[in-house]
Amino acid sequence: MKIRKKILTLLIFTLLCATAFGDENKNSSENLKTKSEIAQYFGVYDPWEPLNRRIYYFNYTFDKYVFLPVVDAYNLITPTFVQKGVKNFFANSVNLTTTGNSILQAKPKKAMKAWGRFSINATLGLFGLFDVASKLGMPKPYEDFGLTLAHYGVGDGPYLILPFLGPSNLRDAVGSGINTYALGALDPYEAADIVDIDKPGVVALQGIDKRKNTSFRYYSSGSPFEYEYLRFFYKKYRKIQMETGEQF
Numbered sequence: 288m289k290i291r292k293k294i295l296t297l298l299i300f301t302l303l304c305a306t307a308f309g310d311e312n313k314n315s316s317e318n319l320k321t322k323s324e325i326a327q328y329f330g331v332y333d334p335w336e337p338l339n340r341r342i343y344y345f346n347y348t349f350d351k352y353v354f355l356p357v358v359d360a361y362n363l364i365t366p367t368f369v370q371k372g373v374k375n376f377f378a379n380s381v382n383l384t385t386t387g388n389s390i391l392q393a394k395p396k397k398a399m400k401a402w403g404r405f406s407i408n409a410t411l412g413l414f415g416l417f418d419v420a421s422k423l424g425m426p427k428p429y430e431d432f433g434l435t436l437a438h439y440g441v442g443d444g445p446y447l448i449l450p451f452l453g454p455s456n457l458r459d460a461v462g463s464g465i466n467t468y469a470l471g472a473l474d475p476y477e478a479a480d481i482v483d484i485d486k487p488g489v490v491a492l493q494g495i496d497k498r499k500n501t502s503f504r505y506y507s508s509g510s511p512f513e514y515e516y517l518r519f520f521y522k523k524y525r526k527i528q529m530e531t532g533e534q535f
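Residue 446 in this note's numbering sits at position 159 of the sequence shown; the count goes up by one each step and never skips.
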């Protein structure tokens with residue numbers, strides 16, 4: 288509940304900012320802010336902003352003309368219960384990286400909780416297709432390698448917009464790559480000849496599932512400072528994850 292309240296508060300703050308800075312019809316001479324002033328206000332280190340903005344627009348174009356149409360087709364042809372099973376399967380695999388990163392951070396209790404959650408869903412939940420652990424009231428701990436690096440004092444580094452993937456920073460981009468490699472190397476489903484999560488088709492399905500369950504749409508805020516708001520939100524989002532260690 289605490290983490291949901293923090294996220295809700297952050298969303299409300301961001302929306303209020305968008306209203307305050309995005310309304311050009313009210314007191315424009317007094318309220319108009321330059322982009323440099325807004326960037327300074329939000330205080331996120333973004334030395335590669337020109338390149339990031341180009342990638343942001345590329346992602347918007349890809350999203351509009353490729354990704355979202357594919358997601359719409361997926362919604363159209365895939366039964367709801369199958370979509371839910373796919374979502375549960377990929378969500379359960381996150382428990383493996385949480386287990387590993389909890390061990391790296393010397394958090395054995397969290398590692399056991401994450402492994403317990405994975406094991407319950409992988410067995411009673413038919414390889415993770417059903418989220419039995421949540422029905423049993425088990426917590427959803429979360430760690431990734433970016434958070435592990437942060438745990439040992441590695442700073443955010445420059446803000447990044449990754450092609451296709453969206454907001455990140457240098458530390459989290461490295462962490463994401465290591466997470467992906469580690470999950471593929473340690474995948475118990477592949478070892479049991481059930482499914483290979485490294486295969487292109489499975490990776491594509493995971494991307495479709497993730498985009499389907501992400502409500503964000505590029506340039507839908509109506510604010511000229513959407514880039515700045517998203518950059519600010521990502522920084523705070525990761526800070527909340529570091530503070531709470533929960534999955535959401």
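The C-beta atom is built at its ideal place from N, Cα and C for all residues, glycine as well. None of these values were measured; they are calculated from a predicted model.
query                                                                                                                  : result
In DSSP terms, what residue 426 is bridged to                                                                          : None, per the DSSP bridge assignment.
Selection from 369, 338, 411, 361 that minimises the alpha carbon distance to residue 499                              : 361
DSSP three-state assignment for residue 444, whether helix, strand or coil                                             : coil
Residue environment, residue 519, which counts as buried when at least 16 other CB atoms sit within 10 Å               : buried
Cβ pair count under 8 angstroms reaching 3, the segment 397 to 412 against the segment 338 to 353                      : no
Segment contact, 8 angstroms Cβ cut-off, at least three pairs: the segment 402 to 411 with the segment 431 to 441      : no
Residue 473 in three-state terms, based on DSSP                                                                        : helix
Start-to-end residues for the beta strand (DSSP E) that takes in residue 395                                           : It is not in any beta strand (DSSP E) - residue 395 instead sits in the alpha helix (DSSP H) that spans 395 to 410.
Touching by the beta-carbon criterion (3+ pairs, under 8 angstroms), the segment 485 to 498 and the segment 454 to 465 : no
Per-residue DSSP class, three states only, for residue 433                                                             : helix
Those residues which DSSP pairs with residue 449 across a bridge                                                       : 453
Simplified DSSP assignment, three categories, for residue 305                                                          : Any reading at residue 305 must be qualified, since the residue scores a pLDDT of 46, below 50, and its modelled position is unreliable; the value itself is stated next. DSSP places residue 305 in helix when its eight states are reduced to three.
Continuous alpha helix (DSSP H) stretch holding residue 547: start and end                                             : The question about residue 547 has no answer, for the chain in this structure spans 288 to 535.
First and last residue of the uninterrupted alpha helix (DSSP H) at residue 528                                        : 513 to 531
Expected contact under 8 angstroms - CB spacing of residue 428 and residue 389 to nearest Å                            : 7 angstroms
Close Cβ partners of residue 430 (< 6 angstroms) along its chain, the five nearest in sequence each way excluded       : 385, 388, 389
Alpha helix (DSSP H) segment containing residue 387, residue limits                                                    : 367 to 391
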